[in-house]
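**Q**
Residue numbers (this note's numbering): 73 to 690.
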């Protein structure tokens, strides 16, 4: 009901303020996903925002008088052709993915091995393509306002991410604890199976911090931008991802070159001459920029010297790269015939095919919901790894709970097993991947003459503190099993306080897996190929890879050498696309729909921007 009300409210607001969507979409992107509370994997609240934007936008376009009658023979722009061709190739890849998954089946709570995972990957390209008529209309009205709204929206999203990072670090490892093996995830719940969602987002958004600094007109405005720059650097550093460091830093050099060229009115091919001829800036902005640079350097040195986690990761680079190359080779082995090489395995099919074909890449677990029938009530099946006992306990179903101070907790289970298997329950102060203080329960199950066994499992451990007042911790119940090749049927899972208060929702799974969110721990191999370009090749084939690279290349060419380079926002978009291209060398990107949408949207934005007359810098 709340989601429906939010959709209606957003639709009315976007229809009333048509240009607001350019701010609202990037601003809402980092937090509009409540998967840990809803249990949704295929759909999320960001989809509802985009649907509201599209409904309101197309409604307004339909109501406008037609100035020029439509003609089928009218010449189409390159940007329009590029969007249509790339979207068509994506649709073909989605259909191949659905076919590979056994055909179309509907389900709100499907997972990574199900047909709708193909839709989950395709929707980012679809949403970005459908936004293009709205973008074209807004650019035609005022390209300067359109660019400014997008940039301000990106800054609002960055503020959200950095504030969540501050809370996350403060609540769990501590702001200055750089030794604990804790990598920041913010609100990118897609990282429940690992991946680089926050890495790619920071690569795409960091250049807009420079936009905030350069467009500041007063010292206090610049100071706010400087604070945001420090927070973004902190967020990037605490991911402890070597790829994100390069993808955040290197594009800033490109951004600097393009800004110098744009200010001097030079062709980018003359940048070398511009570097030699550039005069030293004077005034408060120059001094403040030097101070910020020193602060950023000090921040980097502080993180590297303040703990051993990053130093250890840098030292392991060579060994990790060797393992990654083996991982890539196993992914390429999935392309077994010319059809796979040309068209790919299908969108969203990499995880399932990798887990099925590689003995070293099996799932650590998965879940399946069985509806009520004549022989059995509705229940949830939790599976462990198929063969590898070293993966025991590394996959769990979780639910968010409210922890109460001074309480002890007890779980009640109704279960069914066919062979002996162990169930492990863990109630922890936890954000996503890393548990802090926990209370645990462990039970050994054996087949019983009763179809369903009723068990009571007291949880033991230290009392919860709730975290510091400025960064409260939240509670998560995780249920996992130990036993390769085994599974447990759960008819109900309940969690009560010592006073008898029930803390869980959908305890009997009558609503399917709603409210229950699967989470992997430590082992994420089958879910990601850890390379954007191999991700494109394996799921979309050579056709999808070449088309995507052509669109991204055309966008970068337009921003750096083409007509779009004269637009004030062009250098920042070029740096963003370059950043995600770099992080894509060591990370998957398109398996995170929110981030993939931003990538495609920026590329299409750049192509449309090249058709607009140049505007002066804000």
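By construction, the Cβ of each residue, glycine as well, lies at the ideal position given by its N, Cα and C atoms.
1. Could you check the C-alpha separation between residue 81 and residue 201 for me, to the nearest Å?
2. In the DSSP assignment, the alpha helix (DSSP H) including residue 100 goes from what residue to what residue?
3. My guess is that residue 622 and residue 681 are in contact by the Cβ rule of under 8 Å, so how many angstroms apart are they, rounded?
4. Taking the continuous alpha helix (DSSP H) assigned at residue 680, which residues delimit it?
5. Please report the Cβ distance between residue 602 and residue 451, rounded to the nearest whole angstrom; I am assuming they are in contact, meaning their Cβ atoms lie under 8 Å.
6. Thinking residue 547 and residue 472 are a contact (beta carbons under 8 Å), I'd like their distance in whole angstroms, please.
7. Just the Cα atoms here: how many angstroms apart are residue 249 and residue 319?
8. Within this structure, are the beta carbons of residue 599 and residue 267 separated by less than 8 Å?
9. Check residue 203 in the structure and name its three-state DSSP category.
10. Among the residues of its own chain, which have a CB less than 7 Å from the CB of residue 498, if the five just before and after it don't count?
11. Going along the chain, which residues of its own chain have a beta-carbon closer than 7 Å to the beta-carbon of residue 619, five neighbours each way excluded?
12. Note down the Cα distance separating residue 211 from residue 218, rounded to an integer number of angstroms.
13. Buried or exposed, going by whether 16 or more other CB atoms sit within 10 Å of the CB of residue 639?
14. Measure the beta-carbon distance from residue 652 to residue 315 and round it to whole angstroms, keeping in mind my assumption that it falls under 8 Å.
15. Please classify residue 674: is it buried, with 16 or more other beta-carbons within 10 angstroms of its beta-carbon, or exposed?
16. Distance, Cα to Cα, residue 424 vs residue 269?
17. Out of curiosity, what's the CA-to-CA distance linking residue 88 and residue 96?
18. Return yes when the Cβ of residue 525 is within less than 8 Å of the Cβ of residue 449, no when it is not.
19. Let me confirm a value: residue 280 is counted as buried when at least 16 other C-beta atoms fall within 10 Å, else exposed. Which label applies?
20. For residue 553, does the three-state DSSP call read helix, strand or coil?
21. I'd like the list of long-range same chain contacts for residue 189, defined as Cβ closer than 6 Å, with 5 residues on each side in sequence excluded.
22. Output needed for residue 182: all residues of its chain with C-beta closer than 8 Å, excluding positions within five of it in sequence on either side, in chain order.
23. Suppose contacts are defined by Cβ-Cβ distances below 8 Å. Is residue 442 in contact with residue 575 by that definition?
24. Can you find the residues in the same chain that come closer than 6 Å, C-beta to C-beta, to residue 176, ignoring five residues on each side of it along the sequence?
25. Looking at the structure shown, is residue 518 part of a helix, part of a strand, or coil, going by DSSP?
26. When we look at the beta-carbon of residue 604 and count the other beta-carbons within 10 Å, is it buried (16 or more) or exposed?
27. So what's residue 504 in DSSP terms, helix, strand or just coil?
28. Just mark residue 86 as buried or exposed, buried being the case when its beta carbon has 16 or more other beta carbons within 10 Å.
29. Give every residue of the same chain whose Cβ lies closer than 6 Å to the Cβ of residue 670, excluding the five residues on either side of it in the sequence, and list them in chain order.
30. Under 8 Å between C-beta atoms, does residue 461 make it to chain B?
31. Can you tell me whether residue 496 is helix, strand or coil according to DSSP?
**A** Straight from the coordinates:
1. Your numbering for residue 81 matches position 9 in the chain shown. Your numbering for residue 201 matches position 129 in the chain shown. Approximately 23 Å, taken between the alpha carbons.
2. Residue mapping note: residue 100 aligns to position 28 of the chain shown, counting from 1. Per DSSP, residue 100 is one residue of the alpha helix (DSSP H) stretching across 93-100.
3. Along the chain shown, one-based indexing puts residue 622 at 550. Along the chain shown, one-based indexing puts residue 681 at 609. Between residue 681 and residue 622 the Cβ distance is about 18 Å, and since that is not below 8 Å, they are no contact.
4. The residue you call residue 680 lines up with position 608 of the chain shown. From DSSP, the alpha helix (DSSP H) with residue 680 extends over 665-681.
5. By one-based count along the chain shown, residue 602 stands at place 530. By one-based count along the chain shown, residue 451 stands at place 379. Between residue 451 and residue 602 the Cβ distance is about 35 Å, and since that is not below 8 Å, they are no contact.
6. Here residue 547 refers to the residue found at position 475 of the chain shown. Here residue 472 refers to the residue found at position 400 of the chain shown. Yes, they are in contact, since the Cβ atoms of residue 547 and residue 472 sit about 7 Å apart, within 8 Å.
7. Mapped onto the chain shown, residue 249 falls at position 177. Mapped onto the chain shown, residue 319 falls at position 247. Near 24 Å, if we compare the C-alpha coordinates of residue 319 and residue 249.
8. Looking up residue 599 in the chain shown gives position 527. Looking up residue 267 in the chain shown gives position 195. One thing to note: residue 599 has its Cβ within 8 Å of the Cβ of residue 267.
9. Counting from one through the chain shown, the residue named residue 203 turns up at place 131. Three-state DSSP puts residue 203 in coil, outside helix and strand.
10. In the chain shown, counting from the first residue as 1, residue 498 sits at position 426. Once the five neighbours on either side are set aside, the close Cβ partners of residue 498 are 507, 510, 512 and 550.
11. For this step, residue 619 is matched to residue 547 along the chain shown. Cβ within range, chain order: 157, 158 and 161.
12. For this step, residue 211 is matched to residue 139 along the chain shown. For this step, residue 218 is matched to residue 146 along the chain shown. Distance between the alpha carbons of residue 211 and residue 218: 6 Å.
13. Counted from its first residue, the chain shown places residue 639 at position 567. Buried, since its Cβ has 16 or more Cβ neighbours within 10 Å.
14. The residue you call residue 652 lines up with position 580 of the chain shown. The residue you call residue 315 lines up with position 243 of the chain shown. Separation of the CB atoms of residue 652 and residue 315 is rounded to 11 Å, and the pair is thereby denied contact status at 8 Å.
15. Looking up residue 674 in the chain shown gives position 602. Looking at its Cβ environment, which holds 16 or more other Cβ atoms inside 10 Å, residue 674 is buried.
16. Here residue 424 corresponds to residue number 352 of the chain shown, with the count starting at 1. Here residue 269 corresponds to residue number 197 of the chain shown, with the count starting at 1. One Cα belongs to residue 424, the other to residue 269, and the distance between them is close to 20 Å.
17. Position 16 of the chain shown, counting from 1, holds the residue named residue 88. Position 24 of the chain shown, counting from 1, holds the residue named residue 96. Looking at the two C-alpha atoms, the distance is approximately 13 Å.
18. By 1-based counting over the chain shown, the position of residue 449 is 377. By 1-based counting over the chain shown, the position of residue 525 is 453. In this structure, residue 525 does not lie closer than 8 Å to residue 449 by Cβ.
19. The residue labelled residue 280 in the question sits at position 208 within the chain shown. Result: buried.
20. Residue numbering aside, residue 553 sits at position 481 when the chain shown is read from its first letter. Of the three classes helix, strand and coil, the one that applies to residue 553 here is strand, per DSSP.
21. Locating residue 189 in the chain shown gives position 117, counting from the first residue. These residues qualify, in order along the chain: 420.
22. Here residue 182 refers to the residue found at position 110 when the chain shown is read from its first residue. Contacts found: 113, 114, 188 and 189.
23. Position 370 of the chain shown, counted from the first residue, corresponds to residue 442. Position 503 of the chain shown, counted from the first residue, corresponds to residue 575. Residue 575 is positioned such that its CB atom lies no closer than 8 Å to that of residue 442.
24. As a working mapping, residue 176 is identified with position 104 in the chain shown. The beta carbon of residue 176 lies closer than 6 Å to those of 170 and 187 in the same chain, with the five residues before and after it left out.
25. Against the chain shown, residue 518 aligns to sequence position 446. Note: residue 518 maps to coil in three-state DSSP.
26. Here the question's residue 604 lines up with position 532 in the chain shown. By the neighbour-count rule (16 or more Cβ atoms within 10 Å), residue 604 is buried.
27. Your numbering for residue 504 matches position 432 in the chain shown. The DSSP-derived three-state label of residue 504 is coil.
28. Position 14 of the chain shown, counted from the start, is the residue given in the question as residue 86. Residue 86 should be labelled buried.
29. What you label residue 670 is simply residue 598 of the chain shown in a count that begins at 1. Hits under 6 Å: 276.
30. The structure shown contains no chain B; it holds only a single protein chain.
31. Start at 1 with the first residue of the chain shown, and residue 496 comes out as number 424. Three-state DSSP puts residue 496 in a strand.
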